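Trainee: Protein chains in written order, with our numbering: chain P, 1 to 335; chain W, 336 to 670; chain H, 671 to 1005; chain F, 1006 to 1340. We put the CB at the ideal spot given by N, CA and C, even for glycine. What you are looking at is a predicted structure, and each value in this text was computed from that prediction instead of being measured. Can you read through this structure? Questions will come right after.
Protein chains: 4
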Amino acid sequence: MIIEMTPMSSEIDQSDLIRRLQEMGFQVARLDSRKLALVKGIDPLVRADLFTALPHVQRVLPLKEKFKLASKAVRNEPTVIEIRGKKIGGRELFVIAGPCSIESKEQIEECAKIASEVGAQGLRGGAFKPRTSPYEFQGMGEEGLKILRDAGQKYDLITVSEVMDASQIEIAAKYVDVLQIGARNMQNFSLLKELGKVQNPILLKRGFAATYQDLLLSAEYIISAGNPNVILCERGIRTFETYTRNTLDLNAVPALRELTHLPILVDPSHGTGQRAMVAPMARASIAAGADGVIVEIHPEPDKALTDAQQTIGFESFAKMMRELKMIHQVLKEIC
Amino acid sequence: MIIEMTPMSSEIDQSDLIRRLQEMGFQVARLDSRKLALVKGIDPLVRADLFTALPHVQRVLPLKEKFKLASKAVRNEPTVIEIRGKKIGGRELFVIAGPCSIESKEQIEECAKIASEVGAQGLRGGAFKPRTSPYEFQGMGEEGLKILRDAGQKYDLITVSEVMDASQIEIAAKYVDVLQIGARNMQNFSLLKELGKVQNPILLKRGFAATYQDLLLSAEYIISAGNPNVILCERGIRTFETYTRNTLDLNAVPALRELTHLPILVDPSHGTGQRAMVAPMARASIAAGADGVIVEIHPEPDKALTDAQQTIGFESFAKMMRELKMIHQVLKEIC
Amino acid sequence: MIIEMTPMSSEIDQSDLIRRLQEMGFQVARLDSRKLALVKGIDPLVRADLFTALPHVQRVLPLKEKFKLASKAVRNEPTVIEIRGKKIGGRELFVIAGPCSIESKEQIEECAKIASEVGAQGLRGGAFKPRTSPYEFQGMGEEGLKILRDAGQKYDLITVSEVMDASQIEIAAKYVDVLQIGARNMQNFSLLKELGKVQNPILLKRGFAATYQDLLLSAEYIISAGNPNVILCERGIRTFETYTRNTLDLNAVPALRELTHLPILVDPSHGTGQRAMVAPMARASIAAGADGVIVEIHPEPDKALTDAQQTIGFESFAKMMRELKMIHQVLKEIC
Amino acid sequence: MIIEMTPMSSEIDQSDLIRRLQEMGFQVARLDSRKLALVKGIDPLVRADLFTALPHVQRVLPLKEKFKLASKAVRNEPTVIEIRGKKIGGRELFVIAGPCSIESKEQIEECAKIASEVGAQGLRGGAFKPRTSPYEFQGMGEEGLKILRDAGQKYDLITVSEVMDASQIEIAAKYVDVLQIGARNMQNFSLLKELGKVQNPILLKRGFAATYQDLLLSAEYIISAGNPNVILCERGIRTFETYTRNTLDLNAVPALRELTHLPILVDPSHGTGQRAMVAPMARASIAAGADGVIVEIHPEPDKALTDAQQTIGFESFAKMMRELKMIHQVLKEIC
């Protein structure tokens, strides 16, 4: 439920009301100087007039979705997250590029240089790698994070890297701007709660069998724990089709737009698993209304230690960027 | 296998070679004046030198896909199908619009008028409706087809309507330009073989659990039976996600581009089942490289007898068309 | 809606009531001497008292499922279908065995002999084969059907063979007892309607992306067109798992038991696509409450022209039959 | 790769060989007094004769699966895990029962009493609950674990409870016998590695979009980190079918039997989400060859705080146990 206070109500009135609602057993989130959301403790039997009788309450609106703070009912305009002067979720295109795994200083420098040159905003690279098999390359760890930070600073790119458990949050938060949560951890609820305690924006990837609602409830875990800066990322679901690694579900873009105010990115690299499909699906993502894309690039894609098959080279990346800007320009004109 | 003949070989040489291959037990398709494809009778044990030893044979190329005539190995440039002066599969945008079901002369006339005004090429409407339940509206039949033909002629639009079994082919072919095969009949092999015997282009919709290869093998049924004019159409697959009616799989667009020379359309109406998602996903389809889209429109969408929830009104349709043209213009510039 | 007439109502009263309801625009099915079902023409606005006001009507019950005649609301006890003295749907185990394709008289005779010896009730074999590729073996046609009929008569087994379109119904019905509809044709509604006009029981296989409701609505097409003898068959759905050919969904057995009175078989051969999994999944089918199974056997499984990988040999088949009888005996004791 | 040593080789010879292989850069697992497995460091270019040239090596066998220690190549006989005198994975039926969430001492006592009376071996109950929404009941924590331990001791039942992150392992291991990893954490690789360091057997549930290979690779994470006692549990996957909460995939039972030596349980409660389907699917699980089942029971199922819809009452549970014993008796006779 959303409680709207009267125009005349003061900050003290609001604090009083919050306390009172908490005493009644509700978990309350402050939306703005006149709006509160009851996110927990509400059940279908609770009637609106219980609240309208309280002092300074003007009216009560229902909050029918299971996710609350992530919903458009709570916040109707898009959330814009600003990171070191770059904005995601607004009217500008936001592109994050980089290798699947951080392999060396040179590799990251080269990726950062091209990303910067073609006008991307972010640099990605994995230091802790979630691998299906315990016998595969597990990442460079802290050393990799330092390399990423340095390249990000040198080329003025925000940096993104994945954390796989709570013990990695502190160290990752020290070096990178945005913490990424991978598809396999989207419902690692313990980890989500911990992410609510940091300041860094969180890039939350959709699990490969997660519904849109599941994704938004996972975002809700982070937001309700204190961190409102969640960026959603579609990266493909599992279906019967085996030609692609996953089935990138672009329906997620307009569907999530209907449901939430959070920024939406798409990862066409993992979503397709096919180099030749990255650019077409990146274009389609922007045309569908996504705020941007995150793609895997590598100086020598065929030599990438991980995900070689879906990684594109610098020339393809530069061409793709030109295309995305043109499509994005069309979107700006029509929306 | 593809057999390429020497530059000097005559038409008679080719006829002789075809006859000889047929006597050897192979099914042969003539690709052009110098190329033949062996589509049946080949097994892994047949060696290329069996053919290179034949007169006028220059070289032999493997045909590794299970589909043959639909593959790019057999034909590398895109197939362009011309229907009453309008081309699908070339560099122009191709949009087909119309109601799910033909309900009345007025309804179809209005749809044709707007389609023509906004620059669409085709008019769709169902006369025989495949309904999951036997108790739902089953369509107007032949009377509907006449209405469709008349409106198509009046507004210079090619017409598209679905046939559900072999007995409907003759009558539908008499009235409409393009025969549509619905998702539920994509593997109705008896029907596919019959469609190989008509001249009309076939709009073949992907079954909702069909792989890309399955779709191309169904196209192969039609082509190998004599009708090369097959238009593929992605229209959504079934997944665990229930927010949308189906999961429109736009990966199909670049994937099919890699595999086949046939034209590719997308149906964002059935693919999403949600009115608000039709335009974004139509834009994304074009950005991914589709030749066009087929969408459900209705003078009064909420009153549509079938598929009301996914049908858009005329104003939304006109806006969508403007957007698609802009996106398509970008694609023409970059590809 | 179900209309129950008063105990005193006569046959003439019932005929009068049926006529009257038809004049009101409803499609009526006679369930027994006192019960009618309105299967079409009902919408949420029709109120029960419209009917209770009619002569001889005692009470009106809602029919909430979209499928009507297939539902337990219309018929609460299990449907038992008797075919040449053998019953399916009752308390006895019903096993159908035979090769995927009819290849020769000898092959079918051998299969029939072993099937008869181990106590199976039915003999299956395909004469018209639905093949994903047009270039694969398409079946022996009528000659195959004769071979099947002869073997069935000689060994006192009921016979089952697939029809792929309406033109094959007449000839198949002439030779075999049960007409099978394959997964790819489950929503070939034109064919389903034609099957409503014959006397033969129909073995209706679940489409590989069909929900339980879809399957029952397809059964409804057949029943409402006049043929109440529909046998449902679970045969696997498409999922992301690639180890098995399909994912045999045994949940269908208890789920369909809740929803319908029709007999339920399981096909563990197509459902798994793996020879070693046929017997365990056949046992599980019976333990879950299925009325029986349909399995692919062959004198020399590795030499089967089609489906070799999922076909079991005679020794494995005999062992499986012993196991199924033991499991079935347990079920009889506990249910 | 598996390295078999000569019959004459001593313990010292083996230690020497292990050291030497480690120096060569391989990760080595000792299988028995004469067998070693190389689980890491092998690539397709490594040739067998590199190893046969080493002292005391008799022969080298390939290990083609991506999972090694979980594979049958490494261990052909079934793993039997003994927990406080009860064996899982042998020839005896193993049933674990209890509520979804631990709610009170009384509730757990009652469940333990009935479980013991009907012959179950284990008691389950959640103290830390993974909930899709942050606003739902999150469990009783340590207090719940104490209640579970006490009831397990009083009624001689082994106890099972879920841990959601590494920080809960120590406390849970202190109170319960078996640590459960839920479907959402199946690919929480950081957690899996930590579980390799404890002595407790691990009940590893299949993720709802995980392939059989994914599941076995997750088991491999635990085993390769030092804990060989992994119990696999099928609990349903996500498909397009919405009648059931998940699609319980019983094919997993015979498929995993082919691939691994680890014990296999099935969870028909989560797998179906439907009370009426629990017993039929439990019977089917045993008939398919599972080592046992884990089911949700509650003194008053309709009042369960979580999962009420899929929880069965004591009477149904007792009936189900009788049925499972009968089916299991059949399996013992035939296998």
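Can you give me, in chain order, the residues of the stretch 443-472 of chain W that have a beta carbon less than 8 Å from any beta carbon in chain H?
Mentor: Within the stretch 443-472 of chain W, the residues whose Cβ lies closer than 8 Å to some Cβ of chain H are Pro465, Arg466, Thr467, Ser468, Pro469 and Tyr470, listed in chain order.
Trainee: Among the residues of its own chain, which have a CB less than 7 Å from the CB of lysine 464(W), if the five just before and after it don't count?
Mentor: Ser436, Phe472, Gln473, Gly474 and Thr641, listed in sequence order.
Trainee: Should valine 118(P) and phenylalanine 317(P) be called a contact, given that it needs their Cβ atoms to be closer than 8 Å?
Mentor: Yes, these two residues count as a Cβ contact at 8 Å.
Trainee: Quick one: what does DSSP say lysine 1092(F) is sitting in, helix, strand or coil?
Mentor: Here lysine 1092(F) sits in strand by DSSP.
Trainee: Compare the Cα-Cα distances from proline 301(P) to each of Arg30(P), Ser33(P), Gly98(P) and Ile264(P) and report the closest residue.
Mentor: Among Arg30(P), Ser33(P), Gly98(P) and Ile264(P), the Cα nearest to that of proline 301(P) is on Gly98(P).
Trainee: Hey, does phenylalanine 26(P) have any beta-carbon neighbour from chain H nearer than 8 Å?
Mentor: So no, phenylalanine 26(P) is outside the interface.
Trainee: Expressed to the nearest angstrom, what Euclidean distance is found between the alpha-carbon atoms of histidine 1333(F) and aspartate 1219(F)?
Mentor: Answer to the nearest angstrom: the Cα atoms are 29 Å apart.
Trainee: On the three-state DSSP scale, how would you describe lysine 448(W)?
Mentor: If DSSP states are grouped into helix, strand and coil, lysine 448(W) belongs with the helices.
Trainee: Could you check whether leucine 1162(F) and alanine 1132(F) sit closer than 8 Å to each other, using their CB atoms as the reference points?
Mentor: For alanine 1132(F) and leucine 1162(F), no; Cβs fall outside 8 Å.
Trainee: Compare the C-beta of isoleucine 546(W) with all C-beta atoms of chain P and state if any pair is closer than 8 Å.
Mentor: Correcting the residue type first, residue 546(W) is threonine in the shown sequence and not isoleucine. It does: the Cβ of threonine 546(W) has a partner Cβ on chain P nearer than 8 Å.
Trainee: For lysine 375(W), go through chain H and note every residue whose CB falls closer than 7 Å to its CB, in chain order.
Mentor: Near lysine 375(W) (Cβ distances below 7 Å), the residues of chain H are Tyr805.
Trainee: According to DSSP, simplified to helix, strand and coil, what is methionine 656(W)?
Mentor: It is helical.
Trainee: Measuring only the C-alpha atoms, how far is glutamate 438(W) from leucine 583(W)?
Mentor: Each residue's Cα considered, the two are about 27 Å apart.
Trainee: Kindly indicate which residue of Asn535(W), Glu477(W) and Leu526(W) has the alpha-carbon position closest to the one of methionine 499(W).
Mentor: The residue with the shortest Cα to Cα distance from methionine 499(W) is Leu526(W).
Trainee: Listed from N- to C-terminal order along the chain, which residues in the stretch 1083-1116 of chain F have their beta-carbon within a distance smaller than 9 Å of any beta-carbon of chain W?
Mentor: Listed in sequence order: no entries.
Trainee: Tell me, please, whether the stretch 951-961 of chain H touches the stretch 1264-1275 of chain F by the rule of three or more beta-carbon pairs shorter than 8 Å.
Mentor: No, they do not touch.
Trainee: On the three-state DSSP scale, how would you describe arginine 275(P)?
Mentor: DSSP places arginine 275(P) in helix when its eight states are reduced to three.
Trainee: Counting C-beta neighbours from all protein chains within 10 Å, is the total for alanine 1295(F) 16 or more, i.e. buried, or is it exposed?
Mentor: Answer is buried; the Cβ neighbour count reaches 16.
Trainee: Hey, how far is the Cα of valine 1283(F) from the Cα of glycine 1241(F)?
Mentor: Each residue's Cα considered, the two are about 12 Å apart.
Trainee: Look at leucine 1150(F) and isoleucine 1176(F) and say whether their C-beta atoms are less than 8 Å apart.
Mentor: Closer than 8 Å, so yes.
Trainee: Quick check on glycine 768(H): does DSSP put it in helix, strand or coil?
Mentor: Three-state result, glycine 768(H): strand.
Trainee: To the nearest angstrom, how far is the alpha carbon of serine 837(H) from that of threonine 467(W)?
Mentor: Spanning the two alpha carbons is a distance of roughly 22 Å.
Trainee: Looking at the unbroken alpha helix (DSSP H) that takes in arginine 20(P), where does it start and where does it end?
Mentor: Taken as a continuous stretch (DSSP letters only), the alpha helix (DSSP H) holding arginine 20(P) covers 11-23.
Trainee: On the criterion of 16 or more Cβ atoms from any shown chain inside 10 Å, does asparagine 899(H) qualify as buried, or is it exposed?
Mentor: Label assigned to asparagine 899(H): buried.
Trainee: Among the residues of its own chain, which have a CB less than 6 Å from the CB of leucine 731(H), if the five just before and after it don't count?
Mentor: Closer than 6 Å at Cβ, skipping near neighbours: Ile672.
Trainee: CB asparagine 1256(F) to CB arginine 1243(F), shorter than 8 Å?
Mentor: Contact: no.
Trainee: Using DSSP with H/G/I as helix, E/B as strand and the rest coil, what is arginine 47(P)?
Mentor: In the structure shown, arginine 47(P) sits in coil (DSSP, three-state: anything other than H, G, I, E or B).
Trainee: Does any residue of chain P bring its CB to less than 8 Å from the CB of proline 636(W)?
Mentor: Output row for proline 636(W): interface = no.
Trainee: What residues from the stretch 558-586 of chain W come within 8 Å of chain H, judged by C-beta to C-beta, listed N to C?
Mentor: Answer in chain order: Ser559, Ala560, Ile572 and Arg573.
Trainee: Quick one: list the residues of chain H neighbouring proline 1259(F), beta-carbon separation under 7 Å, in chain order.
Mentor: Ala946, Met947, Pro950 and Met951, listed in chain order.
Trainee: Name, please, each residue of chain F whose Cβ falls closer than 8 Å to the Cβ of glutamate 993(H).
Mentor: Under the 8 Å cutoff, chain F gives Val1335 and Ile1339.
Trainee: Would you say threonine 260(P) reaches chain W, if we count a Cβ-Cβ gap shorter than 8 Å as a contact?
Mentor: With 8 Å as the cut-off, threonine 260(P) does not count as an interface residue toward chain W.
Trainee: I'd like to know whether the C-beta atoms of glutamate 444(W) and alanine 486(W) end up nearer to each other than 8 Å.
Mentor: Yes, the pair counts as a contact, with Cβ atoms nearer than the cut-off.
Trainee: Using a beta-carbon distance below 8 Å, is arginine 519(W) in contact with chain H?
Mentor: Yes, arginine 519(W) lies at the interface with chain H (some Cβ there is under 8 Å from its Cβ).
Trainee: Check the Cβ of threonine 1277(F) against every Cβ in chain H and list those closer than 7 Å, keeping chain order.
Mentor: The answer, in chain order, is Asn921.
Trainee: Give the single residue among Ala843(H), Asn855(H) and Asn897(H) whose Cα lies nearest to the Cα of glycine 866(H).
Mentor: Glycine 866(H) has its Cα closest to that of Asn897(H), out of Ala843(H), Asn855(H) and Asn897(H).
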